[in-house]
Structure formats: C-alpha cells, structure tokens
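Heads up: the sequence shown at position 207 corresponds to 280 in our numbering, and the numbers run straight through without jumps.
Built from N, CA and C at the ideal position, the CB exists for glycine as well.
For reference, the structure is listed below as structure tokens.
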Amino acid sequence: MQVGSTSLPVVVAQSSAVALVVASAGFGALFAYKVGIEHSILLAGLSVVMAVALEAVKPLAIAHALQFRSGLRSVALGLLGAVAVAYSLTSELSLVAMSRSDLTAQRVTDAQAARYFNETRDRVTRELVSLGITRPPAEITQDLKPYAGRDCENARPGSLCARVVLPLRAELARAERREALEFELNRLNQGGGSRGSSGVSDPASHALAVYLAAVGLSLHPERIGQWLLLVPVLALELGSALALVLVQALRREESPVVLEPRQTVHPEGEREKVSAALVNHLKNHGGVIEESERTLAKRLGADRSTVRRAMHGLAAMGMIAFAASKNGTAMRLVS
Numbered sequence: 074m075q076v077g078s079t080s081l082p083v084v085v086a087q088s089s090a091v092a093l094v095v096a097s098a099g100f101g102a103l104f105a106y107k108v109g110i111e112h113s114i115l116l117a118g119l120s121v122v123m124a125v126a127l128e129a130v131k132p133l134a135i136a137h138a139l140q141f142r143s144g145l146r147s148v149a150l151g152l153l154g155a156v157a158v159a160y161s162l163t164s165e166l167s168l169v170a171m172s173r174s175d176l177t178a179q180r181v182t183d184a185q186a187a188r189y190f191n192e193t194r195d196r197v198t199r200e201l202v203s204l205g206i207t208r209p210p211a212e213i214t215q216d217l218k219p220y221a222g223r224d225c226e227n228a229r230p231g232s233l234c235a236r237v238v239l240p241l242r243a244e245l246a247r248a249e250r251r252e253a254l255e256f257e258l259n260r261l262n263q264g265g266g267s268r269g270s271s272g273v274s275d276p277a278s279h280a281l282a283v284y285l286a287a288v289g290l291s292l293h294p295e296r297i298g299q300w301l302l303l304v305p306v307l308a309l310e311l312g313s314a315l316a317l318v319l320v321q322a323l324r325r326e327e328s329p330v331v332l333e334p335r336q337t338v339h340p341e342g343e344r345e346k347v348s349a350a351l352v353n354h355l356k357n358h359g360g361v362i363e364e365s366e367r368t369l370a371k372r373l374g375a376d377r378s379t380v381r382r383a384m385h386g387l388a389a390m391g392m393i394a395f396a397a398s399k400n401g402t403a404m405r406l407v408s
C-alpha cells in the first residue's frame, strides 16, 4: 500500500520518528528549564535551546555515523550522538524519578489516611455497640427536671438520689455519648474520601514482585521499582536515537520497486506500450469499452497523462474512435 509516492510503512516510520524525537526533546527541555530557572531566566532559556538542539541532531548523528563504516567522520558523529544520548538519559531519568517519588509519597499519605479512617470508624462502632440502645437525651432530661439542683454527691443507699436521680444521670450521660458517637460515625461515612486508597506505595512494583515470586524469583519491590524507572526511559531514548535509521532502512527497501521503473522507462516508449495494451484491451472486450481515464490507468498500470496521450495518438491514427453513450463517452476500435 502506498500514500502518494511514499509507502505506508515509511509514512508510519516517519511519523513515529517525529513523535519520539519531539517527546524526547520535551523531556530534555523540561529538565533543562527546571535546572536553569533556579539561577536565572536567561540560563533557563539557553539550557532549553541546548536541549532541543541536542535532541534534533541526535538521530541524525547516529544515523550518519552508522553509514560511515570507518574514519574520523564516523567517530566524530558517533561521539556527538553519544553525548546527546547521555544528556537525554540524565534528564529523562531525573524527571521520571521525581514524578515517581512524588506519586509514591502521595500514595503513602493516602494509605496513612485510609488506615486512620478505618481505625477511627472501628473504634466508634465498637463503643456504640458497648453502649447499647438508649433513650433519647431529651426524654431523659425531661425525667430529670423534677430533681434539678438536687445534690446527690453523698447519696445514701436506698435514698431518692441512689434509686432515681443517679441512674437517670448515668443514663443521660450514656445517651449523650451515643448521640455524639453516631454524629461522628455519620461524618466519617460522608467525608471519608480516603477509604478506598491503596495501602501500597508502589502498586506496579508490588504486583510485579508477586508475579515474579510465582515463578520462583524473589525480588524486593523497591529494587523492581528502580528498574521500572529505566525501562520507559530506555525505550524512548533508543526509539528517538534510532528512528532515522529505521526510516532510511525502509526507504532503501522500497526504492528498487517504486523508483527504478519510472527512471528507466522512456516516456515515448511507455506511451507506445500503453497504446498496445489499450488496443488489446479493446479487442478483448469486443472492440468497445466505456471506462474513465482513471479506471483505464489503474487497469493498464500507467498514469492518467500517459493513457490520455495514448488515446489521442490512436485516435489521430484512426485506430480508435470516440462516441457518446448514456454512461458518458465510449471508445470504439475502428476495424
């Protein structure tokens, strides 16, 4: 399949190469800006320009270094590419590490909040169960009104305070405590946004550690997390560095098929070839056809301008004639 004069694989490779270089340049420019802005805006701007320039020359330098098998030019281009790759690795690793550490810290905070929420809710629930069912505080307060102001601190056994007032006061305290706990539990249930937070600081590392343990490999999640930082960075770096090499390789593969026939066939010879093919096509279809120039060009494997010149040439020699038809223009072979 082709798009214009370039095959689809080359178009995909070119688009991917541009995307990888732009992504790598973005990482490098962002890192350069963060480092430079700590000193001055001028240094930040110059650092960004340097990063973008290095990213632009990186795939070019590596691709051309691989073309020159030996010599100082190959060494110099390879050194330039290596320097660009070293800077890209440094900047991308630094940015990914910073973002990953921020995410880990956030997950730790969320996990701590989740644990606090669960512990508080469990404590409130247990205390509510221990208090049992109580009457509403307002009802108990109403029962205590006749005994308001009574001093029952040194109540004797069997007295009114011991039999009525003190039990009512204890029941009121228990009811008020239950009411406060119910309010607290309702507040937790409505505002406990951290209930579903993960208790794992780095889920990807822990998940991979579990999978590796299943096949007999025991690695600490923290060590796995360090390698997880490197994988996407290496993928981006190798992709952006070798993208132009891929594009050049695909172009070399398609060039013998697409370019050579157009360069070696003489225009006049091609027109004669198309004219003969057109006559044979008419003979195979009873001497009359109704097809557009685009369809004929596709059928004969030629461009429209060559087909048009062949048709007019045959008509000028009296070999074919054109006639109007209900579907357009018909072409007829003159016997």
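- For residue 393, the enclosing beta strand (DSSP E) stretches over residues 393-398.
- Rounded to whole angstroms, the Cβ separation of residue 210 and residue 248 is 4 Å, and the two are in contact under 8 Å.
- DSSP, reduced to helix, strand and coil, places residue 110 outside both helices and strands of the structure shown, so it counts as coil.
- Take residue 261, set aside five residues on each side of it, and the residues of its chain with a beta-carbon closer than 8 Å to its own are 190, 193, 194, 197, in chain order.
- A straight line joining the alpha-carbon of residue 212 with that of residue 245 spans about 9 Å.
- With contacts defined as CB atoms closer than 7 Å, residue 160 and residue 127 qualify as a contacting pair.
- For the set 370, 101, 136, 135, the Cα lying nearest the Cα of residue 122 is the one of 101.
- Closest by C-alpha distance to residue 294, out of 287, 288, 283, is 283.
- Collapsing the DSSP output to three states places residue 135 in a helix.
- The beta carbons of residue 383 and residue 351 sit closer together than 7 Å.
- Taken through DSSP and simplified to helix, strand or coil, residue 223 comes out as coil.
- In the structure shown, residue 288 falls within a coil segment according to DSSP collapsed to helix, strand and coil.
- If you check the CB distance, residue 241 and residue 225 do not come in under 7 Å.
- In this structure residue 347 does not touch residue 368 by the C-beta definition: roughly 14 Å separates them, more than the 8 Å allowed.
- Between residue 134 and residue 154, the C-beta gap is smaller than 7 Å, which places the two residues in contact.
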